[in-house]
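Step one of this worksheet: look at the structure below.
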Amino acid sequence: GGMAGGVFYRYRVEIQNGALFVRVKVHDAKAKSAKTVQQLQTKAANAAGTAKSQANGTLKMISDKSNEVAYRVQACTQAAATSAQMQASNLGACAKSLALKPAVQVTSA
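Every number in my numbering is 470 more than the matching position in the sequence shown, counting from 1.
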């Protein structure tokens, strides 16, 4: 075989019926390379699109979950604050009730 200008030749020698036949096959390396590059570019673009799509899906899921957690934390905080306020109010009422009893007033004086 031989190569010149991006084209290479493949020779095949055959003997049939006592005669010598030389077959020449021409291959265009540049065209084949261009086709391969185009196929690789297409595969890379598809892979990038898939990765981007998966990343966007994951980002949305994380965002949704973080919003849900923030909502739950806010609800728990509100409930805890309400409970603490009620406990403090009850404690204050008990202290006032205790202070108004005459037996406690006498022993504390």
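We treat Cβ as the ideally placed atom computed from N, Cα and C, and that holds for glycine.
As the structure is a prediction and not an experimental result, all values here were calculated from the model.
Go through the region 477-544 residue by residue and report every complete run of the beta strand (DSSP E) that reaches 3 residues or more, in order.
-> Here the runs fully enclosed are 477-486 and 489-498.
Contact belief for V483 with V492 at Cβ below 8 Å, rounded distance in angstroms = Indexing the sequence shown from 1 puts residue 483 at position 13. Indexing the sequence shown from 1 puts residue 492 at position 22. Under the criterion of beta carbons closer than 8 Å, V483 and V492 qualify as touching, at roughly 5 Å.
How many angstroms separate the CA atom of A501 from the CA atom of M531?
-> As a first step, residue 501 must be located in the sequence shown, where it is residue number 31. As a first step, residue 531 must be located in the sequence shown, where it is residue number 61. Their backbone Cα atoms lie some 45 Å apart in a straight line.
Which value, in whole angstroms, describes the spacing of the CA atoms of T520 and T528?
-> Position 50 of the sequence shown, counted from the start, is the residue given in the question as residue 520. Position 58 of the sequence shown, counted from the start, is the residue given in the question as residue 528. About 12 Å.
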